[in-house]
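Residue numbers (the numbering used here): 19 to 261.
Step one of this worksheet: look at the structure below.
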Ligand code: OAD
């Protein structure tokens, strides 16, 4: 399977990678679905919707603080690093991550978008101005903008749309890239879940890496079962021998 993936990648001049929570699992960041996923113990509608924040902003803020606490102590793993190495191998490379943990950014990868936002960034609910959270403890939870309005995590919640400029960017990349690696996502949250089908419909190739089969597996050209932290470095090593 890995050899077949390397063969496709060898013949590719443009590579798009899409990642989900699974890529950060080996860094100790919990995923959302599955046995130890966050949605086993928490209800998305109580924590990750605009209505939840309106009803109980403090609880939502504290849940994000708890997640920030885990992520602060996490490091990018071998999977994140392999993706950065892929960027170095291809002139035309792009990464779309659904993750809000900022771990990809910490590897130095440049051509990327965080399509669901970033939990270190916060946004005024009135003016939409964004800020990066300071290291110092906040006086108020949730904090307020200088205009007096509450500040919220700058992430995309259920029931919200992805900002139009990010969607336009994603579609222009999908249209002009040949091959997609989709790694560590359950492939059930739209619109990103539809990107592999889009890639196939325009004649592109799709390689999936996941611990288990997903709805993407049946349309993927190659579906590799395994950890992203094991498989991606093997793929990069294989490619380096050829490039
Ligand atoms: P999920 O938690 O839904 O899926 C994680 C996927 O990663 C699963 O398919 C696992 O099998 C796989 N996985 C776990 N560990 C892995 C490993 N070491 N190697 C390879 N695969 C592994 O996370 P996402 O697909 O990212 O959105 O979820 C998509 C969106 O739903 C998230 O961005 C978030 C969530 O609710 C919002 O909060 C809006």
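Ideal placement from N, C-alpha and C gives every residue a C-beta, glycine not left out.
Beta-bridge pairing of residue i - partner residues as DSSP gives them
i, result
"residue 92", "Answer is none; residue 92 lacks a bridge partner."
"residue 241", "226"
"residue 169", "142"
"residue 162", "168"
"residue 115", "37, 132"
"residue 110", "32"
"residue 148", "141"
Residue i beta carbon near the ligand OAD (any heavy atom closer than 7 Å)
i, result
"residue 255", "no"
"residue 245", "yes"
"residue 36", "no"
"residue 228", "yes"
"residue 252", "no"
"residue 63", "no"
"residue 81", "no"
"residue 77", "no"
"residue 215", "no"
"residue 134", "yes"
"residue 71", "no"
"residue 58", "no"
"residue 138", "no"
"residue 39", "yes"
"residue 66", "yes"
Assigned exposure category for residue i - 16 Cβ within 10 Å defines buried
i, result
"residue 176", "exposed"
"residue 102", "buried"
"residue 223", "buried"
"residue 261", "exposed"
"residue 212", "exposed"
"residue 144", "exposed"
"residue 132", "buried"
Three or more C-beta pairs closer than 8 Å, one from the segment 147-165 and one from the segment 175-192: is that the case here?
no
Decide if the segment 19-29 is in contact with the segment 68-78; the criterion is three or more beta carbon pairs, one per stretch, under 8 Å apart.
no
Residue ranges of each beta strand (DSSP E) within the segment 194-233, 3 or longer
197-201, 223-228
State whether the segment 191-207 contacts the segment 158-166, with contact taken as three or more CB pairs (one from each stretch) at a distance under 8 Å.
no
Would you say the segment 91-101 touches the segment 55-66, given that touching needs at least three Cβ pairs under 8 Å?
no
Does the segment 106-119 touch the segment 36-50, meaning 3 or more C-beta pairs lie closer than 8 Å?
yes
Specify whether the segment 41-59 and the segment 198-208 touch according to this definition: at least 3 beta carbon pairs, one from each stretch, less than 8 Å apart.
yes
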